[in-house]
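The opening residue of the sequence shown carries number 2 in the numbering used here; numbering runs sequentially from there. Heads up, the thing below is written out as structure tokens.
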Amino acid sequence: MTKQVTTILIMLLSNFVLLGQDCIGFHKTPGCKIKDTMGYKLFGQSKSAVVEAGKTYQYQAILFGGYDYKLGICTERGFKPIHLKIIDAEKQSVFYDNMDDDYTETVGFSNEITRSVIFEITIMASDMEFRDIGDTRVCLGIAIYWHRMPKLGI
């Protein structure tokens, strides 16, 4: 009898652990799809994570020179707006802040030199009411697409 109870408890606890892993691959879901990415490839440094609304999450990546990038950030429904800053890690200077663009969730840019960047993301969720800490956890997707910059000139 004790063995059966232990087995049932392990199975129940396993379900809770599995529920916490729902965010794996979240950046690849249809809700995170960026428009107009024909000719672009999903960059291997794209990422999904469980984050807490109202707190700032930082993700550092290397962006290679000579590529155009399209970046999209997404969360589960209702967790908006999302504040994104792209920071040059070496200079510690912000080169993009989506607050200036009404918190848009997609941005495209060209990167001429290889650089380390920090994506600083805060899920503001200003329209949400949270009852407890479990309500504040949300899936975050950082989808990065890239393609080689076309050669210009003669």
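The beta-carbon is built from N, C-alpha and C at its ideal position, and this holds for glycine as well. These numbers were taken from a predicted model, which means no experiment stands behind them.
Under a 10 Å Cβ-count criterion, I124 is classified as buried, with 16 or more other Cβ atoms of the shown protein chains found around its own Cβ. The criterion of a C-beta distance shorter than 8 Å is satisfied by I119 and Q61. Per DSSP, reduced to three states, the secondary structure at T105 is coil, with no helix or strand assignment. Here I122 is not near Y70, since their CB atoms are 8 Å or more apart. The residue among I114, F80, E91 and N99 with its C-alpha nearest the C-alpha of L72 is N99. At least 8 Å separates the beta-carbon of C140 from that of T38.
As DSSP reads the structure, K34 sits in no beta bridge. A direct Cα-to-Cα measurement between G67 and H148 gives close to 9 Å.
In the structure shown, K29 falls within a helical segment according to DSSP collapsed to helix, strand and coil.
T57 sits in a strand when the DSSP states are folded into three classes. One thing to note: N112 has its Cβ within 8 Å of the Cβ of L64. Between A144 and H28 a beta carbon distance of about 4 Å is seen, short of the 8 Å cut, so the two are scored as contacting.
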